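Engineer: Got a structure here, written out as structure tokens. Questions coming.
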Amino acid sequence: MSQPPLLEMKGIGKRFGNTVALHGIDLVLNAGEVLGLVGENGAGKSSLMKILAGAYSRDAGTITVRGATIDLDNPKAGADAGIAIIYQELSLFPDFDAAQNIFAGRELRNRDFALAPLDHGRMRSEARRILHDELGADVRIDCPVHELSLSDRQMVEIAKALSSNADIIIMDEPTEALEEVERKKLIATIKRLQASGKAIIYVSHRIKELLGICSRVMVLRDGRTVADLPVADLDVDKVVNAMIGGALAKQFPPRVPARSDPSLEVRGLSKKGSFDDVSFALSKGEILGIAGLEGSGKSALLRALFGQRPSDSGAIRVDGSDIRIANTTDAIRQRFAFLPAERKVEGIFTQHSVGWNVSIANLGALGKVTLLPSREKDVAGGYIARLGIKCDGPHADIESLSGGNQQKVMLARWLLTEPRLLLLEEPTRGVDVRAKSEVYALIQAAAKDGCSVIIVSADNAELLGLCHRVAVMFEGAIATVLDAATSKEETLALHSVRPPEARHPMGGLNG
Ligand SMILES: Nc1ncnc2c1ncn2[C@@H]1O[C@H](COP(=O)(O)OP(=O)(O)OP(=O)(O)O)[C@@H](O)[C@H]1O
Ligand SMILES: [Mg+2]
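Start counting the sequence shown at 11; every next residue gets the next number (my numbering).
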């Protein structure tokens, strides 16, 4: 008799109020298999994975592991069945260090009984082994994780799943917060896990990357399976087609030339330990990309321009006059807007509705003014339609939205303020392919109206497709500035990792 599959989910159903998230999904997973799970924002991927991890209860269906039916009604049951999950929204304890987080709930002890003293030394050395040796991630173990960068925290989350020795590992958008170098290391780790007989479910919006990792791909649309095929039968277009039920129009809108009048000039901007002597100029309607590795100064530069972590020295001019940005109030008064990469911590007001979250930035700019509920609904409603934000309407609780849909709410909020300068950090992280082109169109429409835009992104294709120019930062300085229309992704990648032979500040207004 043939062996039963490692995992079999049958007829899984899930409803949230009026929303049917899953309509009877079947999923089979064998040992040594990497299954890709894709679909638009709100298709049901995370809901299905949370049910498999025991974090959500299901309304219908059965789950068997190695032929035995199991009751997955809490996360501990999931862990006991050998299932580990890396959640899309990170789930670490901010005040614990990496080792404490990795072993939270299953601490290593000096002796093998429940009340024996904790073996901190062994937990730390295990944490180091997994993070440093296995994942090749240079993550600090001796500080609370809230002091770590987003990508380092993502690595701790991955290490936590690996340390549990589970046979089934679920990765829900694990590379969204990672730079290319770290993504490559994670992919190598996945291949090793696969070779050792583990099974992996890999959820991602990076379809090209996913096709290089997975052996099979399952596509969800509106809570139903629309394709389940070996990777050999698929390419990016076929997957996108299945996801959206049709072909995708052009991803990037045609470039609109920027105007010649200057909007923003930055001269000799420095912040100790972050960036040094940065100068550039932006004209109205210009979209400038900033590439560079984590720690190159790109995020610090955006935060300095928004007054969140102000610069130490240098000059900022707006429409020809010197201005001072000492805090975010100064920046908002200048009609600067900032979309941070880490929406969960920095951006979203949980416990509030979608409409409230969309309109809050406007309120900040206007002072303490209350928006009429009806107006809030109108404005939010427009953006919900435009960006395809999947929710029950403006009154929906923001936390009930899927990860990608929360991102779209944040972007809508800033577009509403009609900014003079739009500072965007990873604007399409976690956003599905169709919504991505909507986001690009909205950014370009803002630029066409005269808004200057600075985009920090780890996605070089996005920078080249959308921007006029791309500045590459290296160790706190602008290493080079490239014309986006005529440059290649490899060139960008190369400049990101190579010290500049000669500094090439962006002199002149449009140089
Ligand atoms: N806790 C919840 N309460 C209410 N509705 C929810 C909850 N979790 C998910 N949903 C709804 O279920 C549907 C599927 O969401 P899910 O998070 O599974 O999507 P997803 O495919 O993971 O999307 P994304 O790519 O954006 O992460 C959405 O309509 C979402 O709003
Ligand atoms: Mg999700």
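Where is the CB? At the ideal position from N, CA and C, for every residue including glycine. Bear in mind that the values here come from a model prediction, so they are computed numbers and not experimental data.
Which same chain residues, not among the five before or five after Ser309, have their C-beta less than 7 angstroms away from its C-beta?
Structural biologist: The residues are Glu435 and Val466.
Engineer: Count the other CB atoms within 10 Å of the CB of Ala114; is the residue buried (16 or more) or exposed (fewer)?
Structural biologist: When all chains shown are included, Ala114 counts as exposed.
Engineer: Helix, strand or coil: how does DSSP classify Thr438 here?
Structural biologist: Thr438: coil per DSSP, three-state reduction.
Engineer: Is any heavy atom in ligand 1 found nearer than 7 angstroms to the beta carbon of Thr29?
Structural biologist: Indeed, a heavy atom of ligand 1 lies less than 7 angstroms from the Cβ.
Engineer: Leaving out five residues on either side along the sequence, give the residues of the same chain with a beta carbon under 8 angstroms from the beta carbon of Phe106.
Structural biologist: Ala114, Pro154 and Val155, listed in sequence order.
Engineer: What separation, rounded to the nearest whole angstrom, lies between the Cα atoms of Leu312 and Thr338?
Structural biologist: So the two alpha carbons sit approximately 12 angstroms from each other.
Engineer: Would you kindly report the start and end of the unbroken beta strand (DSSP E) that includes Glu275?
Structural biologist: Note, Glu275: beta strand (DSSP E), Pro272 to Lys281.
Engineer: So which of Lys201, Ser214, Asn51 and Pro272 has the shortest CA-CA distance to Val246?
Structural biologist: It is Ser214.
Engineer: Hey, quick one: how far does the alpha helix (DSSP H) through Glu499 stretch, first residue to last?
Structural biologist: Run containing Glu499: Glu499 to Val507, per the alpha helix (DSSP H) assignment.
Engineer: Starting from Lys20, trace the alpha helix (DSSP H) both ways and give me its first and last residue.
Structural biologist: That residue, Lys20, is in no alpha helix (DSSP H); its beta strand (DSSP E) goes Leu17 to Phe26.
Engineer: Among Asp286, Gly54, Ala108 and Ala445, whose alpha-carbon lies nearest the alpha-carbon of Ala147?
Structural biologist: When only C-alpha atoms are compared, the closest one is Ala108.
Engineer: Along the chain, which unbroken stretches of the alpha helix (DSSP H) at least 4 residues long are found entirely within the segment 65-115?
Structural biologist: Entirely contained in the segment 65-115, the alpha helix (DSSP H) runs reaching 4 residues are, in chain order, 85-90 and 108-112.
Engineer: Closest by CA to Glu296, which one among Gly324, Gly46, Val480 and Lys208?
Structural biologist: Taking only the C-alpha atoms, the option nearest Glu296 is Val480.
Engineer: Using 7 angstroms as the cut-off, classify the Cβ of Lys55 as near or not near the heavy atoms of ligand 2, replying yes or no.
Structural biologist: Correct: Lys55 has its Cβ closer than 7 angstroms to ligand 2.
Engineer: Contact defined as beta carbons within less than 8 angstroms: I believe Ala209 pairs with Gly52. What is the distance between those atoms, to the nearest angstrom?
Structural biologist: Actually they are not in contact, since the Cβ atoms of Ala209 and Gly52 sit about 26 angstroms apart, beyond 8 angstroms.
Engineer: Quick check on the burial criterion: 16 or more other C-beta atoms within 10 angstroms. Buried or exposed for Ala495?
Structural biologist: Exposed, because fewer than 16 other Cβ atoms sit within 10 Å of the Cβ of Ala495.
Engineer: I'd like the list of long-range same chain contacts for Lys195, defined as Cβ closer than 8 angstroms, with 5 residues on each side in sequence excluded.
Structural biologist: Closer than 8 angstroms at the Cβ level, and outside the excluded window around Lys195, lie Leu145, Gly146 and Ala147.
Engineer: By Cβ distance, which residues of its chain are closer than 7 angstroms to Arg439, with the 5 residues on each side in sequence left out?
Structural biologist: Counting only Cβ-Cβ distances below 7 angstroms, and skipping sequence neighbours, we find Glu186, Ala351 and Gln417.
Engineer: Short of 8 angstroms in beta carbon distance, which residues of its chain neighbour Gln261, apart from the five on each side in sequence? Order them along the chain.
Structural biologist: Hits under 8 angstroms: Val443, Lys446, Ser447, Tyr450 and Gly475.
Engineer: Return the CA-CA distance between Lys20 and Ser57, expressed in angstroms with no decimal places.
Structural biologist: Cα-Cα distance, rounded: 15 angstroms.
Engineer: Got a sec? Which residues, its chain only, sit under 6 angstroms from Glu275 by beta carbon, not counting five neighbours each side?
Structural biologist: Excluding residues within five positions, the ones whose Cβ falls inside 6 angstroms are Ala291 and Arg327.
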